[in-house]
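J.: full-length UniProt numbering numbers the first residue of the sequence shown as 1 and each following residue consecutively. Glycine included, each C-beta is placed from N, C-alpha and C at the ideal position. One structure follows; several queries about it will come next.
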Amino acid sequence: MGTLIGHVAPGFAFLALGLWHLLNHIKLHSLHPNSYTSSSWFPTSKIRYIELYLIMVASLISMAMELVIGPEKHHPFDTDGTIPTNHLHNLEHATISLTFFTYAALAIVLDRVGTKAQYGLTQFVGAIAFGQQLLLFHLHSADHMGVEGQYHLLLQLAVLVSLLTTLMGAGWPRSFLVSFVRSASIFFQGAWLILMGYMLWTPDFIPKDCYINLEEGHQVVRCHGSEALHRAKSLVNLQFSWFLVGITIFSVCLYLALDKFYGDYQKVEYSSVLTRESSSSEEEEEDVEAQKKLHNSESKSFIAMGKPFASIDIER
């Protein structure tokens, strides 16, 4: 992180993950509203662990960017083996990625082993990942007082919601609302990270009376005076509020659209089943009627054949 691409790339990852979970939770609840049970991750028909594999790959790429590709020396250490101040945030970001990599890896292990506490333990590891993310963003070595610090402060609210709903999901796996809010919060994290990347490192989007300053090898937004800084932070707060409203509308509308789609699909499936059952029952009734007619005709023919024999016996 610390650059435009460093925020936009992980932002897209969180955005895609949140959207993936929103779509699958809504589909699962729409098709099985009475027997709905949440899932920590969703397999696909072709590659079961594709979601977890992608989390692991994205985490490895993030760690490589922070520790190898990003630094000028292609490592975050000083000549004496210590960690310089300007690379502390690289290790913090890499540690967050390491925690999500650990979550995905342990989720695969738990699924393969198939323990009784698989769901609860997977939720627990996921909560550890969000908890680690929240802790390191709260104690971030980067600027806490400026515009970037305000963005990170509000990001912590979304991470906190993800953490709490993950913990709640372990105790209430049948609650659709908990899963829905968790998915929306992950989606919000991604959207907010993307916004941060563009608003903090695009000169045209820097607030009035503020500027980008190079400090310790990193670009930081600074403002001329406390009034300009207060105005810039207020704009960040407004952006957060607008994003909250927009993503809430998007999430609810997505639910309404998918619930109607899968509800109509379920009705079509149910009606087709009823049609097949009624047609099969009609065929069975026709078979029964045909068998009755055949039986009656056989009986009549047998009686008719018996009459000549009976008359012959009388004549004798």
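Exposed or buried, what is Lys116 when buried is set at 16 or more other beta-carbons lying within 10 Å of its beta-carbon?
T.: By the 10 Å Cβ count, Lys116 comes out exposed.
J.: Quick one: what's got a C-beta closer than 8 angstroms to Ile50's C-beta in the same chain, skipping five residues either side?
T.: Counting only Cβ-Cβ distances below 8 angstroms, and skipping sequence neighbours, we find Pro43 and Thr44.
J.: Using a Cβ-Cβ cut-off of 8 angstroms (strictly less than) and excluding sequence neighbours within five positions of Leu98, which residues of its own chain qualify?
T.: Cβ neighbours of Leu98 beyond the five flanking positions: Ser59 and Met63.
J.: So, with DSSP's three-state summary, where would you put Asn86?
T.: Of the three classes helix, strand and coil, the one that applies to Asn86 here is helix, per DSSP.
J.: Indicate the three-state DSSP secondary structure (helix, strand or coil) for Tyr211 in the structure shown.
T.: Of the three classes helix, strand and coil, the one that applies to Tyr211 here is strand, per DSSP.
J.: Rounded to whole angstroms, what's the CA-CA distance from Ile206 to Trp192? Just pull it up for me.
T.: Between Ile206 and Trp192, the C-alpha separation is close to 16 angstroms.
J.: Answer yes if the segment 112-130 comes into contact with the segment 211-220, meaning at least three C-beta pairs across the two stretches below 8 angstroms, and no otherwise.
T.: They do not touch, by the three-pair rule.
J.: When you compare the CB positions of Gly190 and Leu52, do they come within less than 9 angstroms of one another, or not?
T.: Not closer than 9 angstroms, so no.
J.: From Met56, Arg48, His93 and Ile47, pick the residue whose C-alpha is nearest to that of Val68; which is it?
T.: The residue with the shortest Cα to Cα distance from Val68 is His93.
J.: With three or more beta-carbon pairs closer than 8 angstroms as the criterion, would you say the segment 27-40 touches the segment 257-264?
T.: With a cut-off of 8 angstroms, the segment 257-264 and the segment 27-40 count as touching, because enough Cβ pairs lie within range.
J.: Residues in the same chain with beta-carbon distance under 7 angstroms from His138, minus the five sequence neighbours each way, listed in chain order, please.
T.: Excluding residues within five positions, the ones whose Cβ falls inside 7 angstroms are Gln156.
J.: With DSSP collapsed to three states, give me the class of Arg112.
T.: Note: Arg112 maps to helix in three-state DSSP.
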